[in-house]
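Every letter in the sequence shown is one number past the one before it in the numbering used here, and letter 204, counting from 1, is 496. Below you'll find the structure, written out as structure tokens, and then a few comments.
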Amino acid sequence: MTSIQSSSSSSSSSLVQSQANTNIQFSIWHTFKRHIPRVFTTILVDVILPLIIYFVFQKYIKPVYALLIAGTPPFLMVIFKAISSRTFDALGFLVFIGFIISGVVAIITHNPIVLLLEKSLVTGIVSIIFAITLIPFHCCHHYCRLRPLAYYFYQDLIPTNREQIGLPENIFSNNQETIHEQYSEHENEVLIHKSSNKEIAQVYEWIYNNCSSFRISCYIITSTWSIGLLSEFLARLILILVHLSINKIVIYGNIILSSVTIICILITIICVTKERKQTLILIEQWKQEHLIIQ
């Protein structure tokens, strides 16, 4: 009897896995391609534009002031996303904080070593921010909740809606009903984009609360980038302390930064791929337990 039960349970679990694989096929490209314009805009405003502003302005003003000005576009993007779609622009926040703090420190200290550490100071600050987000923090119940920074990168760079992971239509029905009750038809058309962003946030909130694979992935990715960026900062600091020439410091520093970035990106891709496959299985199990009974 027990053997029959164990075989049935194992067959049911294998059935769930097969259903997860047959019903929903996860592909990073399939998930990512629909949001290429959004990701391109984020990278343009948060990364490329600040660098262009910095290198242009440093020819005419002091580098420390160029750092402060370069932090303006990502800062505006953080404010815009917070107001328009009530989402957190993690990448813009990191770039803004990195430029501002490094500029302020350079102004206060007037130390040329700080300017030599310019890039690594940014990565060092960012690594600390990554580490801080690993600390579970709750304030005002649901209104302020700190999550691993990778959680917000998921929302920005791999936006996923309900249909892509097979969640039922009515899982967020209460929120959608209140929206349709409060706004007219014309206003609802204007709010389509905002509703889409809100659904992405709701989906990731649901996944984080119900799928351990996603939570673990967020912590692993955040820890990986925190350790990687901190190691880059320490490596460049060691290069300066051993009194190498400026040219060697620049060359070795860029090699180390590129190597660390490539390694962290590869680990992130592996984590995301494995996490999505396991998360889809957990979602199928959740649907088996909660929806079929209904």
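All C-beta atoms, glycine included, are put in the ideal place defined by N, C-alpha and C. Note that the structure is a prediction, hence the values are computed from the model and not measured.
- Where GLN447 is concerned, the enclosing alpha helix (DSSP H) starts and stops at 441 to 449.
- It is roughly 55 angstroms from the alpha-carbon of GLN350 to the alpha-carbon of TRP578.
- Proximity to SER518 across LEU336, ILE353 and GLY416 peaks at GLY416, based on C-alpha coordinates.
- No Cβ-Cβ contact shorter than 8 angstroms links ILE548 with LEU409.
- Under DSSP, PHE506 takes part in no beta bridge, so it has no partner.
- Short of 6 angstroms from the beta carbon of PRO365, and not among the five residues preceding or following it, lie these beta carbons of its own chain, in chain order: VAL337, LEU341 and PRO342.
- Residue pairing by DSSP places LEU438 opposite PHE429 in a beta bridge.
- Taking C-beta separations shorter than 7 angstroms and ignoring five residues to either side along the sequence, the partners of GLN447 in its chain run THR379, ILE492, ALA493 and TYR496, following chain order.
- When DSSP states are grouped into helix, strand and coil, LEU536 belongs to the coil group.
- Measuring C-alpha to C-alpha distances from CYS510 to each of VAL534, ILE561, PRO460 and ASN546 identifies ILE561 as the nearest.
- When secondary structure is reduced to three states using DSSP, LYS490 falls in the helix class.
- LYS540 and LEU441 have their C-alpha atoms some 33 angstroms from each other.
- Membership of LEU459 in any alpha helix (DSSP H) is not indicated, and neither H nor E is assigned to it by DSSP.
- As the crow flies, the alpha-carbon of PRO460 is around 7 angstroms from that of ARG454.
- Only buried fits ARG439, as 16 or more other CB atoms lie within 10 angstroms of its CB.
- Ranking SER551, ILE499 and CYS556 by CA distance to the CA of ARG568 puts ILE499 first.
- Membership of VAL348 in the alpha helix (DSSP H) is indicated by the continuous run 341 to 349.
- Between LEU360 and ILE400, the C-beta spacing is not below 8 angstroms.
- Put simply, of ILE450, PHE525 and LEU521 the residue whose alpha carbon is nearest the alpha carbon of PHE506 is ILE450.
- SER412 and SER419 have their alpha carbons spaced roughly 10 angstroms apart.
- Contact between GLY520 and CYS563 is ruled out by a C-beta separation of about 13 angstroms, above the 8 angstroms threshold.
- Cα atoms of PHE347 and ASN502: separation of roughly 45 angstroms, rounded to the nearest angstrom.
- Residue state for ILE353 is assigned as coil, using DSSP reduced to three classes.
- Of all alpha-carbon atoms in LYS354, PHE422 and ILE512, the one lying nearest the alpha-carbon of ILE559 is that of ILE512.
- Of the residues THR514, SER537, HIS535 and VAL339, the one whose Cα lies closest to the Cα of ILE424 is THR514.
- In the assembly as shown, PHE445 is a buried residue. Its beta-carbon has 16 or more other beta-carbons within 10 Å.
- The DSSP-derived three-state label of LEU409 is coil.
- In terms of Cα proximity to VAL370, the closest of ILE344, THR333, ILE345 and PRO355 is THR333.
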